[in-house]
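Peer 1: Protein chains in written order, with our numbering: chain X, 4 to 160; chain E, 491 to 556. Dropping a structure here in structure tokens format, bear with me for questions.
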């Protein structure tokens, strides 16, 4: 079946192989504040006010700042592999699987923003910032979970 | 919408997998249709009718609620 916006099936395995270590790495740097000095590198930025993470004097636009890239590496690895896992075609992508895909995406979107709503109302200050870091990824995580569960169920039906 | 896929499949002596391969869909899709959990597209209905060599109305039927 002709499907738009999906990667070929062959990339699914590579996606999973990348996703598992990058999830572990991401959680590891999140909980241990892993920021070794050798990962403090000059990075191009659109905009920075310096405080509290980067060390620039005041506000800068379109310039280079020094910042620790451990979280960038984890985030980029996780996002790319999760997107590949989420949006590669199933082995036999047909109209029924496309329907499951759409329903799972709607379900995941509801839950993702539902969690965000709850967080907005009940989590504040720096804790809200930490919450937001996790919330950036929940849409993809929820979708991957729900879609694969629905596929598995339909196989056993 | 209802269908008699299962009966037609038995007449032709086809498994779900055989039929799936003939029309280029996954086995889950055939299964979901037989369980009345999925209403196929027009293209898919026509393909199925073609395999059974029958008009599409002999394989798929409207229900009261449709």
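Quick reminder that beta carbons are idealized off the backbone N, C-alpha and C, glycines included.
1. Need the endpoints of the alpha helix (DSSP H) that residue 69 (chain X) sits in, please.
2. Go to residue 530 (chain E), then tell me how far its beta strand (DSSP E) extends in each direction, as first and last residue.
3. If we cut at 8 Å on Cβ distances, does residue 518 (chain E) have a partner in chain X?
4. Looking at the structure shown, is residue 13 (chain X) part of a helix, part of a strand, or coil, going by DSSP?
5. Can you tell me where the alpha helix (DSSP H) with residue 516 (chain E) in it begins and where it stops?
6. Leaving out five residues before and five after residue 100 (chain X) in sequence, what residues of the same chain have Cβ atoms less than 6 Å from its Cβ?
7. For my contact list, residue 119 (chain X) and residue 138 (chain X) are in at a C-beta cut-off of 8 Å; report their separation, rounded to the angstrom.
8. At a Cβ cut of 9 Å, what residues of the segment 80 to 109 of chain X count as close to chain E, listed as they run along the chain?
9. Kindly list the residues whose CB is nearer than 8 Å to the CB of residue 544 (chain E), restricted to its own chain and excluding five residues on each side of it in sequence; keep chain order.
10. Can you look up residue 133 (chain X) in the DSSP assignment and give me helix, strand or coil?
11. For the putative contact between residue 491 (chain E) and residue 552 (chain E), defined by C-beta atoms under 8 Å, what is the C-beta separation to the nearest angstrom?
12. Could you name the residues of chain X that residue 515 (chain E) contacts, counting a contact when the two beta carbons are closer than 9 Å?
13. So which residues on chain E does residue 157 (chain X) lean against when the C-beta distance must stay under 8 Å?
14. When you compare the CB of residue 534 (chain E) with every CB in chain X, is at least one pair closer than 8 Å?
15. Please state whether DSSP places residue 74 (chain X) in a helix, a strand or coil.
16. Below 8 Å on the Cβ atoms is my contact criterion, and I expect residue 3 (chain X) with residue 140 (chain X) to pass it. Report the Cβ-Cβ distance as a whole number of Å.
17. With 16 other CB atoms within 10 Å as the buried threshold, where does residue 149 (chain X) fall?
18. Excluding the five sequence neighbours on either side, which residues of its own chain have a C-beta within less than 8 Å of the C-beta of residue 126 (chain X), listed in chain order?
19. Looking at the secondary structure, which residues open and close the alpha helix (DSSP H) in which residue 46 (chain X) lies?
20. Looking at the strands, I want to know which residues DSSP matches up with residue 138 (chain X).
Peer 2: In terms of the structure at hand:
1. Unbroken run through residue 69 (chain X) is the beta strand (DSSP E), 63 to 71; no alpha helix (DSSP H).
2. Neither: residue 530 (chain E) is in no beta strand (DSSP E) and is coded neither H nor E.
3. yes
4. coil
5. No alpha helix (DSSP H) contains residue 516 (chain E), which DSSP labels as neither H nor E.
6. 93
7. 6 Å
8. 93, 94, 95, 96, 97, 98, 99, 100, 102, 103
9. 498
10. helix
11. 6 Å
12. 4, 95, 97, 98, 99, 100
13. 518, 521, 522
14. yes
15. helix
16. Past the boundaries of the shown model lies residue 3 (chain X); chain X is included only from 4 to 160, so the question cannot be answered.
17. buried
18. 134
19. Run containing residue 46 (chain X): none in the alpha helix (DSSP H); it sits in the beta strand (DSSP E), 43 to 51.
20. BP columns for residue 138 (chain X) are empty, so no partner.
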